[in-house]
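Chains as they are written, first to last, in the working numbering: chain A, 81 to 305; chain B, 71 to 337.
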C-alpha cells in the first residue's frame, strides 16, 4: 500500500504543479488548436476527403504536442534540486516513474480529446462508429507515448542538448504506435465496424504495456548516479 | 595547537581498514556505530574525488568536515547519503549496507544541502506533506505543523516556497530533512547564501540536532560555525582526511591558522 501511496503522491504533486503553473497544458493545448487550424488550410478539401487524412494528422498533432509537454516533465523538477530530494527518499524508482508517467498520461489524454474535438470541428468529422473504441485507442496510444516520452525526457534532461534530443530518441520507437493508432482511428472515423479495429487496439495495448514496463525497469539506470 | 589525533585515510581494505578503524575508535562497539564508511573511493574518469576514506560515528556525534574547494567534501557526502555510488568501498547505517537495489535504508538518512530540494510552486506545508508521503509517514496531519513550528515557519505554512526568503527556505529544507526522524543527518554547506541573522537562526536549529540521538555530518567552509557545532573535526584535502580529531582538544582560537597549515601540507 505504501507503494501505491508513493505513486499517488507523485501524481498529486505533478498535477498540482501543473494546475498552478499551467506550463505544459497551455503549450500542448495551444499547439493542438493551432496545428488543426493550419492543417485545415493546408488541405484542399476539393481534392482530398478530410476523413481520409484526418487520422494521421490527429496522431501527428498529438505526438508533436505531447512532446512539448513531456519534454518539460523534468524542468520544474530540476529547480533547486527538488527531484534529487525525491530520489533520496525511499520511494522505489519504478514508483517515481509510474507516478510521472500517470500524471503525463492524464495531461496528454486531455489534450488528445481536445485534438479530436478540434479536428471534428475543422474537418467536419463524425465521432465515428464507436466513440468508446476511439477513446480507448487514443488512451492506449497516449499511454505508450508518455511511457517512452517520460523515460527519454529523463535521459535528455541530463544532457546539454536537452529537449532537442527528445524527438530524436523517441520518434523511431513510436512507429508501431503510429501504425496501429492511425489504422484504428482512420477506420473508426470512416464508420467501419469495431471488429475491424480490435486487432489494432490489442496491438496498441501491447505496445503501451511494454513501453510502461520497460520505462519502469529502465528508469533507475537513467536517474541514478 | 595541540595535535590530538591524526589519521590519514589510506584507501586500505580488508584487515588493514578494520585495524585502522579499531585503532581510531577503540571503545566503540559494533552496536554503537551508527554510520560506517570503509575504503570509500569515488572516481569521475581520471579524477579521484574521494580517495579512500574510512570513518565511523556513533549516536550523538557531530562531525564537521572542512576543506578547500575541490577537496571532495560534497562527493563524500553524496556517497554517505546514497545519492552517488562509490567506485569502491561500502557505507552502512546501523549495520545495514547501502544497497541501491533496496531503498529502505533511505529512511535512516536526512540530507540538507545548499539546494533546498523543495518545489517552489508548492506551499511550505504541501512540500512537507509530499515528502512525508514519499517516506510513508502516516501522521502527517500532526507531524507537519509540529515540524513547521520547530523551524519557526508556522505562520508561513501556506506560502509558496518561491515567496520565502532564502533563510526561511533553508529552515524549511531542514524540516524536510528531519521530517522522517533520520538517524544520520548530512548537512552540505547549509550556511551558503545566508545573512548573519538567518545564519544565527539556522545555527539555533542545528544546535538542537545535538540531542544525543542523531549522528550529524556537516561539510562547510565556515570555520566558526563548523567548530561551534562539532564534536569531531576532519580536514579533507585531495579526497582524503588529512587531519581528523576531537573538537574538545582543539585550540579554537588558532584553528584557522592550523587549518591553512593542514591544507597546505605543512603539518
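The C-beta atom is built at its ideal place from N, Cα and C for all residues, glycine as well.
Only a predicted model underlies this, so the values are computations on that prediction, with no experimental measurement involved.
Asked, Found
"Using a Cβ-Cβ cut-off of 7 Å, state whether residue 206 of chain B counts as contacting chain A.", "yes"
"Report the residue ranges of all alpha helix (DSSP H) runs contained in full by the stretch 123-166 of chain A; include only those spanning at least 4 residues, in chain order.", "130-150, 155-158"
"If residue 198 of chain A and residue 113 of chain A are in contact, beta carbons under 8 Å, what's the gap, nearest whole angstrom?", "5 Å"
"Between which two residues does the beta strand (DSSP E) harbouring residue 175 of chain B extend?", "Looking at the DSSP string, residue 175 of chain B is not in any beta strand (DSSP E), and its letter there is neither H nor E."
"Counting pairs of beta carbons, one from the stretch 132-149 of chain B and one from the stretch 269-289 of chain B, are three or more of them closer than 8 Å?", "yes"
"Whether or not the stretch 214-230 of chain A and the stretch 249-267 of chain A are in contact is what I'm after, with contact meaning three or more pairs of Cβ atoms, one per stretch, closer than 8 Å; do they touch?", "yes"
"So what does DSSP say about residue 230 of chain B, is it helix, strand or coil?", "strand"
"Strictly below 8 Å CB to CB, what residues from chain A border residue 185 of chain B?", "160, 161, 164"
"What span of residues does the beta strand (DSSP E) with residue 288 of chain B cover, start to end?", "285-289"
"Quick check: what's the CA-CA separation for residue 113 of chain B versus residue 157 of chain B?", "6 Å"
"Count the C-beta pairs between the stretch 231-243 of chain A and the stretch 139-155 of chain A that are closer than 8 Å, then say yes if the count reaches three, no if not.", "yes"
"Is it the case that the stretch 178-187 of chain B contacts the stretch 124-131 of chain B, given that we only count it when at least three CB pairs across the two stretches are under 8 Å?", "no"
"Please report whether the beta-carbon of residue 93 of chain A lies at a distance below 7 Å from any beta-carbon of chain B.", "yes"
"Would you say residue 181 of chain B reaches chain A, if we count a Cβ-Cβ gap shorter than 7 Å as a contact?", "yes"
"Residue 136 of chain B bridges to which residues according to DSSP?", "B:305"
"Taking DSSP as the reference, what is the three-state secondary structure of residue 224 of chain B?", "helix"
"By the DSSP assignment, the beta strand (DSSP E) with residue 109 of chain B in it spans what residues?", "103-114"
"For residue 264 of chain B, collect the residues of the same chain with a Cβ closer than 8 Å to its Cβ; drop the 5 residues on either side in sequence, then sort them by chain order.", "236, 237, 240, 272"
"Please classify residue 83 of chain B: does DSSP put it in a helix, a strand, or coil?", "Residue confidence is low: residue 83 of chain B scores 38 on pLDDT, short of 50, so the model does not pin down where it sits. Its coordinate-derived value is still stated next. Reduced to three states, the DSSP call for residue 83 of chain B is coil."
"Going straight from the alpha carbon of residue 281 of chain B to that of residue 275 of chain B, what length do you get?", "11 Å"
"Spell out the partners DSSP gives residue 123 of chain B in its beta bridges.", "B:110"
"Chain B beta carbons: is any one of them nearer than 7 Å to that of residue 85 of chain A?", "yes"
"Using the C-alpha atoms, what's the distance from residue 280 of chain A back to residue 270 of chain A?", "15 Å"
"Can you check which of these residues, A:244, A:132, A:276, is closest to residue 229 of chain A by C-alpha distance?", "A:244"
"Leaving out five residues on either side along the sequence, give the residues of the same chain with a beta carbon under 8 Å from the beta carbon of residue 91 of chain B.", "Interpretation of residue 91 of chain B is limited by its pLDDT of 39, a score under 50 that renders its predicted location unreliable; the figure taken from the coordinates is listed afterwards. The answer, listed in chain order, is 106, 108, 124, 126."
"Among the candidates B:267, B:311, B:131, B:249, whose CA atom is the shortest distance from the CA of residue 165 of chain A?", "B:249"
"If residue 136 of chain B sits next to residue 305 of chain B, beta carbons under 8 Å apart, how far is it from one beta carbon to the other, in whole angstroms?", "5 Å"
"Does residue 169 of chain A have its Cβ less than 7 Å from a Cβ in chain B?", "yes"
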